Amino acid sequence: MQFSYTQKRKELAPNWRMKNSLKIVSQNFTQPLGSKVGVPEELSIDRRDDFLAMINHELRTPLASLMGALGLLKFQQAGKTDPDTDELIDLADRSGRRLERLVDDFLDFTQIEGNRLFMNLEHVDLFDLLIDTVKICEGHRPDLKLVLDTQLDSRHRMAKVDRHRFGQVINNLLTNAIKFSQTKKSVYITLECVNPNDVAILDVKIRDEGPGISSEDLVKMFERLSPVRTPSATTSLSSHGLGLYITKGLVGAMKGELSIASELGLGTEITVSFIQVLPLAETSSHVSQKEIPSHA
Amino acid sequence: MHKILFAEDDPDIAKILRLSLSRDKTITIEHCSDGSSVEACALAFLPDLILLDVSMPVMTGPEVFTRLKTNANLKNIPVVFLTASAMRSELDDLLSLGAAGVIIKPFNPIELPEQLKVFWQFCHV
Chain X
1 MQFSYTQKRK
11 ELAPNWRMKN
21 SLKIVSQNFT
31 QPLGSKVGVP
41 EELSIDRRDD
51 FLAMINHELR
61 TPLASLMGAL
71 GLLKFQQAGK
81 TDPDTDELID
91 LADRSGRRLE
101 RLVDDFLDFT
111 QIEGNRLFMN
121 LEHVDLFDLL
131 IDTVKICEGH
141 RPDLKLVLDT
151 QLDSRHRMAK
161 VDRHRFGQVI
171 NNLLTNAIKF
181 SQTKKSVYIT
191 LECVNPNDVA
201 ILDVKIRDEG
211 PGISSEDLVK
221 MFERLSPVRT
231 PSATTSLSSH
241 GLGLYITKGL
251 VGAMKGELSI
261 ASELGLGTEI
271 TVSFIQVLPL
281 AETSSHVSQK
291 EIPSHA
Chain P
1001 MHKILFAEDD
1011 PDIAKILRLS
1021 LSRDKTITIE
1031 HCSDGSSVEA
1041 CALAFLPDLI
1051 LLDVSMPVMT
1061 GPEVFTRLKT
1071 NANLKNIPVV
1081 FLTASAMRSE
1091 LDDLLSLGAA
1101 GVIIKPFNPI
1111 ELPEQLKVFW
1121 QFCHV
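Residue numbers (my numbering), protein chains in the order written: chain X, 1 to 296; chain P, 1001 to 1125.
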């Protein structure tokens, strides 16, 4: 995968416009406690949370054995087995990691559902974090020969977020964009500031050139476990909504905003937005975020 | 040479732990399969570090931890919890007990020996 990175100080890429696009904005996340995950309706909220925590625990225990055994096998057999055996061990390891991610997603899901998501909000340099996250995603799907086009405004980069969770959000969105891209296409990652002279907002946009999403399916995107099928002549792609649902929950818990715009045949763009803050060394305790002057 | 006592009731995970830790020739290991035998085993083995599974029958990891802290010969041995719960609140609770660290399952069996050594070194700085 080709990774091209440009740092534009004055000009960003020409605005990308879609015709007939639908923009759905999700504000700070509030989700009434639901019961659509197979939990008996009659359980109280606390007992339901205990039940879900127990399931999470029970899933991790055999997963620990599985991943532990595979990790040791992979290490011990490196270079000693035939290529087919190596490939089978790699396949099992990848599947195990995928299962591990699903279990992690399940935990996030239960915490979001129970409004128990813990956030460590601090001043974070989104510019650096985006660079690091994009580099990690470079290795995804090398067969697609994608270009990750990153254009980040270095003048506006600080926001109050949970570092780990913000990285998780960008990784989720970027992984999705890559997954739904076709061969030799580009995925665009931008960081820009809106309203620099007022309450400055940092917009992180991730845009793919995939098949796009219909307006009907866009509405469903934020629903739990909502599979969305994208049209394609050669493959039938489906996306389980858990990832985006979790992403929305994480962004909301960080007091951010998530919006999505898409058009069939053109692609999809997801924007996560946060209020800009100045680096800690430049602030004094009596100045609120809204009073911080914007950069010139 | 580091002496590590680990308490884990699940036989499969205990096997993984044994294979993982015994790869490091600077580590000597001892295993307890339930929490109630940890104190006696620790008094006999005198480990440099104790790895405690949180969820065990008879006595849970935190219960064992509390018991160890009341024993003058064992209270200063660093304890690392091993847990299948990744809930932040529970991890904070375990650390607030006074544990040297918490490792979440599934763990990396190749990195585990070094992770435990780092916890031990941190406690002895």
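Every residue, glycine too, gets a C-beta built ideally from N, C-alpha and C.
Bear in mind that the values here come from a model prediction, so they are computed numbers and not experimental data.
Residues that residue i contacts on chain X, provided the C-beta gap is smaller than 7 Å
i         : result
P:Leu1019 : Leu72
P:Asp1024 : Under the 7 Å cutoff, chain X gives no residues; its nearest Cβ is about 13 Å from P:Asp1024.
P:Asp1012 : Ser65
P:Asn1108 : Gly71
Residue from the options with nearest C-alpha to residue i
i         : options                                    : result
X:Arg165  : X:Leu107, X:Ser65, X:Ala200, X:Asn120      : X:Asn120
X:Leu152  : X:Lys255, X:Gly265, X:Gln182, X:Glu192     : X:Glu192
P:Cys1132 : P:Leu1005, P:Lys1015, P:Pro1106, P:Asp1024 : Nothing can be reported for residue 1132 of chain P, as the shown portion of chain P is limited to 1001 through 1125.
P:Lys1003 : P:Arg1018, P:Asp1012, P:Pro1011            : P:Arg1018
X:Gly167  : X:Pro142, X:Ile178, X:Asp143, X:Ile131     : X:Ile131
X:Gln182  : X:Glu87, X:Gly210, X:Arg98                 : X:Gly210
X:Pro219  : X:Phe127, X:Lys205, X:Tyr245               : What sits at residue 219 of chain X in the sequence shown is Val, not Pro. Among X:Phe127, X:Lys205, X:Tyr245, the Cα nearest to that of X:Val219 is on X:Tyr245.
X:Phe118  : X:Asp162, X:His57, X:Arg141, X:Leu126      : X:Asp162
X:Thr65   : P:Pro1011, P:Asp1024, P:Gln1115            : At residue 65 of chain X the sequence reads Ser, which differs from the Thr that was named. Minimum Cα distance to X:Ser65 is reached at P:Pro1011.
X:Asp143  : X:Lys179, X:Gly79, X:Arg116, X:Val124      : X:Lys179
X:Ala261  : X:Gly212, X:Gly79, X:Met254, X:Leu278      : X:Gly212
X:Leu78   : X:Arg98, X:Met67, X:Asp90                  : Looking at the sequence shown, residue 78 of chain X is not Leu but Ala. Nearest option by C-alpha distance: X:Asp90.
X:Asp46   : X:Asp82, X:Arg116, X:Pro62                 : X:Arg116
X:Glu216  : X:Leu264, X:Asp128, X:Thr133               : X:Leu264
X:His308  : X:Phe127, X:Glu122, X:Glu100               : An answer regarding residue 308 of chain X cannot be provided, because it is not within the stretch 1 to 296 covered by chain X.
P:Arg1088 : X:Asp128, X:Leu63, X:Thr271, X:Leu107      : X:Leu107
Supposed close pair residue i, residue j - CB separation, criterion 8 Å
i         : j         : result
X:Glu138  : X:Arg207  : The pair is not a contact, with the Cβ atoms about 17 Å apart (cut-off 8 Å).
P:Ile1077 : P:Pro1047 : 6 Å
P:Pro1109 : X:Gly71   : 5 Å
P:Leu1091 : P:Val1079 : That pair is no contact at about 14 Å.
P:Asn1073 : P:Leu1043 : 6 Å
P:Val1064 : P:Ala1099 : Going by Cβ atoms, the distance from P:Val1064 to P:Ala1099 rounds to 11 Å, so no, they are not a contact pair.
X:Asp105  : X:Gly243  : 7 Å
X:Ile112  : X:Gly249  : 4 Å
X:Ser273  : X:Gly256  : 6 Å
P:Leu1116 : P:Pro1062 : Contact flag wrong, Cβ pair sits at about 19 Å.
P:Ile1016 : X:Ala69   : 6 Å
P:Leu1049 : P:Phe1122 : That belief does not hold up - the Cβ atoms of P:Leu1049 and P:Phe1122 are roughly 11 Å apart, past 8 Å.
X:Val204  : X:Leu88   : Actually they are not in contact, since the Cβ atoms of X:Val204 and X:Leu88 sit about 39 Å apart, beyond 8 Å.
Exposed unless 16 or more other CB atoms sit within 10 angstroms - verdict on residue i
i         : result
P:Ser1020 : buried
P:Pro1113 : buried
X:Asn176  : buried
P:Pro1106 : buried
X:Thr85   : exposed
X:Ser238  : Any reading at X:Ser238 must be qualified, since the residue scores a pLDDT of 38, below 50, and its modelled position is unreliable; the value itself is stated next. It counts as exposed.
Same chain only: Cβ atoms within 7 Å of residue i, ignoring 5 sequence neighbours per side
i         : result
P:Asp1009 : Ser1033, Asp1034, Asp1053, Met1056, Pro1057
X:Val37   : Confidence at X:Val37 is low in this model, with a pLDDT of 41, below 50, so the placement of that residue should be treated as unreliable; the coordinate-derived value is given next. None.
X:Gln276  : His156, Met158, Ala159, Cys193, Ala200, Ile201, Leu202
X:Leu102  : none
P:Arg1067 : Glu1039
X:Arg60   : Val103
P:Ile1104 : Thr1083, Ala1086
P:Thr1060 : Gly1035, Val1054
Amino acids of chain X, ordered along the chain, whose beta-carbon sits closer than 8 Å to that of residue i
i         : result
P:Ser1089 : Arg116, Phe118
P:Lys1105 : Arg60, Thr61, Leu63, Ala64
P:Ile1016 : Ala64, Ser65, Gly68, Ala69, Leu72
Close beta carbons around residue i, own chain, < 8 Å, minus the five adjacent residues each side
i         : result
X:Ala53   : Thr110
P:Glu1030 : Lys1003, Ile1004, Leu1005, Phe1006, Cys1041, Phe1045, Pro1047
X:Thr234  : Confidence is the limiting factor: at X:Thr234 the pLDDT is only 32, short of 50, which leaves the residue's position unreliable, though a coordinate-based value still follows. Within the same chain, X:Thr234 has no close Cβ partners at all.
Chain-ordered neighbours of residue i on chain X, where CB pairs are closer than 9 Å
i         : result
P:Ala1084 : Asn56, His57, Glu58, Leu59, Arg60, Thr61, Leu63, Ala64
P:Ser1036 : Per Cβ cutoff of 9 Å: no residues; P:Ser1036 is ~20 Å from chain X at best.
P:Ser1055 : His57, Thr61
Residues near residue i in its chain [Cβ-Cβ closer than 6 Å; skip 5 each side]
i        : result
X:Thr375 : Residue 375 of chain X lies beyond the residue range present for chain X, which begins at 1 and ends at 296; the question has no answer from this structure.
X:Asp49  : Gly114
Contacts of residue i in chain P (Cβ-Cβ under 8 Å)
i        : result
X:Leu52  : What X:Leu52 touches in chain P: nothing, since even the nearest Cβ is about 10 Å away.
X:Leu107 : Ala1086, Met1087
Amino acids of chain P, ordered along the chain, whose beta-carbon sits closer than 7 Å to that of residue i
i       : result
X:Phe75 : Ile1110
Per-residue contacts from residue i into chain P (C-beta, under 9 Å)
i        : result
X:Glu100 : Pro1106
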